[in-house]
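As they're listed, the protein sequences go chains G and U.
Heads up, the final residue of the first sequence is numbered 490 in my numbering, and it's a clean run with no missing numbers.
Heads up, the final residue of the second sequence is numbered 533 in my numbering, and it's a clean run with no missing numbers.
C-beta: ideal position from N, C-alpha, C; glycine also.
Below you'll find the structure, written out as structure tokens, and then a few comments.
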Amino acid sequence: MLRIEHLTKRFGDKVAVNDLTLHIEPGEIYGFIGHNGAGKTTTIKSCVGLLHIDEGEIFINGVSVKKEPLKCKQMIAYIPDNPDLYDFMSGIKYLNFVADVYKVPAGVREERIAKYADMFGLTSELANGIGNYSHGMKQKLAIISALIHEPKLIIMDEPFVGLDPKATYEVKELMKALCKEGTAFFFSTHVLEVAEKLCDHIAIIKNGKLVVDGTVESVKGDSSLEDIFMELEERSEGGNNDAR
Amino acid sequence: MLGKLVAIRMTSIFREKRDDGKKKRNVGLLYAFLAIYMALVFGFLFWNTFGTLFSAYCGEAQLDWLYFAMAASMAAMLGFIGSVFITQNQLFEAKDNELLLSMPIKPSVILVSRLLTLYVWSFFFGAVSSVPAFVVYFLNKELAPLGIAAFVAELFLVPLLALTVSILAAWVLQFFSRFVKHKSLFVIIGTFVFLGLYMYVVNKLMDFTDYLAEHGTEMGNLFKSRLLPFYACGTAVSDPGPVPLALMLAITLLPFCILFFVLSKTFVNLITTKKGYAKVKYKAGKLKVTDPVSAVCRKEMLRFVKSSAYAVNGGTGLLMQIVLAVLISLKGDMFFTILTSAMGEERGKAAAVTLIIVLVAFSAIITEITICSISMEGKMLWILKSAPVSSLDILKAKIRAHLYMAVPFAAVAGIVLNIFLPLNPIQRVMAVVLPVTLQVFNAYFGLAVNLKYPKLDWVNEAYAVKQSTAATIGALGGMGTIIVAAIAAMILGNIIPYDLVLVLLTALLLLGILYYIFKYLPGKGVKRFEEL
């Protein structure tokens, strides 16, 4: 579903992502872990077409993001780490706008909006301006808007930040349910427990380079993901010190 | 800390992020140029006004104190006008209020940093009338050294008085706006009423000055009985002494000090209290379906009408076009008189008609819609960039929104000219075609400027609309273009028939539009948008 092949992204002299290769299959939940500034958001933004790809290729369902960005965008949904939405719109107007952009038929969009707004307890707030929403409500609205066109791949940057426990639970359950229908998820997170319990596969990135990837079991073995992550961090720091 | 906070505030206004997001572009020079331009235009206006008042009050009438009282009252009025619109926004609704409060900074320091920025605005507007008043007096009559000192004190203190009134007005606005359902509409209507009033006063300034000059005694009594602060300011300069000076200081400083004391005690409460909003009950119903480009276009139009700062800034040009068309159609005698006496009846009339059409058409260029539309995306740019809509279609949708909102006004302005002016058939057509073509050109030109100078890192949309490089280029370039077009029309009229001048200008604009449609937008325009 998502193939990242030798992705390299530079900002001036700084190499933010260095020769990254990842493959995500349909129906898979793929966690992307790394320290702050590791290159997670840059990778995600490259996948959704927000950043120009310097080297390498990204394919969504076999379609090149470089060559056919619109076709790719039609198949995916993106939820950023900070839900900066149109404050001047009401919740329902924003959802309708997104449905228009993704060409979702009238009846279908009404049905999906009703279903997901009820699920996240946002129905009563849909007529109110987004400017009056809390961070969590905006995050819920961003998630609903991502589901309207039933994407094959959902790419999320820190999706659980700002969500209340009930909404977090709902999102996790929804992810599992959608996975069974073939939807793939690729998301970054700092919450290692969530990654451990929710993901089929994980990848750990450090300073733009892939350190390890594979199934959760194969990566963590008998330890916890937290232990593995810390061990990789320390080993990498030790390596850096030796190099110096 | 206070210095740092003021510096941050000023930096956010005068410096912009460059395209690569690393270095910053200094646009201070551009603002300095705009400030000098404004000061010259208004300074000249007040120079004339105070020249008249000086002759009336400072000769035999010996009402010198009234002259300075009048100067103080005008400075206060302008200072109030200059600061009232931004006070609420900067003081109570600044988005970094909570961030700063969470830091180890005294709330009073945050408050003072905000007030200092507002004071600079108020001072600038006040000085535009105070300084010409002083220069007129100083060149014609001697003023005691203590009087000069009193004037300098007045120059700095009267804007403080204006700021006090602005803060009170902003506080009242802040208090009542929470009960208003359509807040932006409330602000837009209020602003246009205020601007209309202001334009009326400026338009009638000469008549008003004559009235003031003729009714010196009555005005003197009015100031003595009802406008005591300005009476105190006037006497402090004309009859300087410890008592009038102390009275002036007390009257200008005391209200501000009291307000500052109250504000500093309630500031945290005022900005952190959850404002609440009138909740609307959601009823699920049929949703309107449109194609993606129309959806983006509708979004643009909704943003325009929902943002008071955007609507007021962009909408003023639209209204101005019609108001200008009516005004110079009805009161354009000056054009006809000057040009017919200089060029003869027939040629002069044709020149005047051409000039009117050109001026009305080119006033459209101060309509600033697309020129802010990229900047207005701010941190929400990801929504459009991640949507399955091509960059070219997004840019076209922004153009379309500008045209939907602006072309009807341009057409109406042309129709107004058709109604009020004695035009020949070619002029009748061009009176509508030229303003409409210009507005189309303006939409493309504005978008190109904003793509070149986007301001996406704003914390308050007023920065994107009013204080960005693109907006400043729009304001200055607009005014400059009107002047250049008028001069070009007059010069060309000496070589070719005036009707042909209108056709030629339209053809030039069409060429510009064609360049933007076929060359710039699909090429550089798209590339620039994708780099953002």
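Continuous alpha helix (DSSP H) assignments of at least 4 residues falling wholly in the stretch 433 to 505 of chain U: Listed in chain order, they are 462 to 467, 470 to 496.
F366 (chain G) at chain U interface by Cβ criterion, 8 Å: no
Integer-rounded CB distance, given that L457 (chain U) should sit under 8 Å from E378 (chain U): 7 Å
Proximal residues, the stretch 379 to 398 of chain U versus chain G, C-beta separation under 8 Å: G379, K380, M381, W383, I384, K386, S387, A388, P389, V390, S391
Option in G:L444, G:E442, G:Y415, G:V465 with minimal Cα separation from M365 (chain G): G:Y415
Pairwise C-alpha distance: A70 (chain U) and V238 (chain U): 9 Å
Inter-residue Cα distance where the pair is W459 (chain U) and Q468 (chain U): 10 Å
Residue-chain proximity (E303 (chain G), chain U), Cβ-Cβ < 8 Å: no
Minimum Cβ-Cβ distance from L522 (chain U) to chain G less than 8 Å: no
Sequence-distant residues of the same chain with beta carbon closer than 7 Å to A363 (chain G), five excluded per side: T369, L372, I390
CB contact check: V121 (chain U) to chain B, cutoff 8 Å: Judged by its chain identifiers, the structure shown contains no chain B, and its protein chains are G and U.
Cα-Cα separation, G22 (chain U) to L439 (chain U): With a pLDDT of 43 at G22 (chain U), under the threshold of 50, the modelled position of that residue is not reliable, and no figure is offered here.
Close beta carbons around D240 (chain U), own chain, < 7 Å, minus the five adjacent residues each side: W66
Local conformation of V458 (chain G) per DSSP, three classes: strand
Interface flag, D346 (chain G) vs chain U, CB-CB below 8 Å: yes
Length at least 3, wholly inside the stretch 289 to 343 of chain G: the beta strand (DSSP E) runs in chain order: For the stretch 289 to 343 of chain G, whole beta strand (DSSP E) runs of length 3 or above, ordered along the chain, are 301 to 306, 322 to 325.
Rounded Cβ spacing between L435 (chain U) and T507 (chain U) (contact assumed at less than 8 Å): Under the criterion of beta carbons closer than 8 Å, L435 (chain U) and T507 (chain U) qualify as touching, at roughly 5 Å.
C-alpha gap between E463 (chain G) and A352 (chain G), whole angstroms: 43 Å
Proximity to H298 (chain G) [Cα-Cα], best of G:K255, G:S310, G:K260: G:K255
Contact residues within the stretch 88 to 121 of chain U, judged by C-beta distance below 8 Å to chain G: none
M402 (chain G) in three-state terms, based on DSSP: strand
Identity of the residue in G:D410, G:Y340, G:H436, G:D468 nearest I384 (chain U) by Cα: Taking only the C-alpha atoms, the option nearest I384 (chain U) is G:Y340.
Beta-bridge pairing of E251 (chain G) - partner residues as DSSP gives them: G:E303
Inter-residue spacing [alpha-carbon to alpha-carbon] between L471 (chain G) and G460 (chain G): In this structure, the CA atom of L471 (chain G) is about 12 Å from the CA atom of G460 (chain G).
Nearest to I514 (chain U) (by Cα), restricted to the options U:F305, U:V441, U:F261: Out of U:F305, U:V441, U:F261, U:V441 has the C-alpha closest to the C-alpha of I514 (chain U).
Min CB distance K332 (chain U) to chain G below 8 Å: no
Own chain, CB closer than 7 Å to L511 (chain U), minus 5 neighbours either side, in chain order: T438
R355 (chain G) at chain U interface by Cβ criterion, 8 Å: Put simply, the CB of R355 (chain G) is near chain U, with a gap under 8 Å to one of its CB atoms.
M381 (chain U) and L331 (chain G) closer than 8 Å at C-beta: yes
Residues of the stretch 296 to 328 of chain U with Cβ closer than 7 Å to any Cβ of chain G, in chain order: A296, K300, L303, R304, K307, S308
Touching by the beta-carbon criterion (3+ pairs, under 8 Å), the stretch 121 to 135 of chain U and the stretch 44 to 56 of chain U: yes
Delimiting residues of the alpha helix (DSSP H) encompassing D364 (chain G): 352 to 365
Contacts that K456 (chain U) makes with chain G (C-beta to C-beta distance below 9 Å): Per Cβ cutoff of 9 Å: no residues; K456 (chain U) is ~16 Å from chain G at best.
Chain-ordered chain U contacts of G295 (chain G) [CB-CB under 8 Å]: Correct list: K386, S387.
Neighbour flag for I338 (chain G) against chain U, beta carbons, 8 Å: yes
C-alpha distance - I149 (chain U) paired with K107 (chain U), whole-angstrom precision: 37 Å
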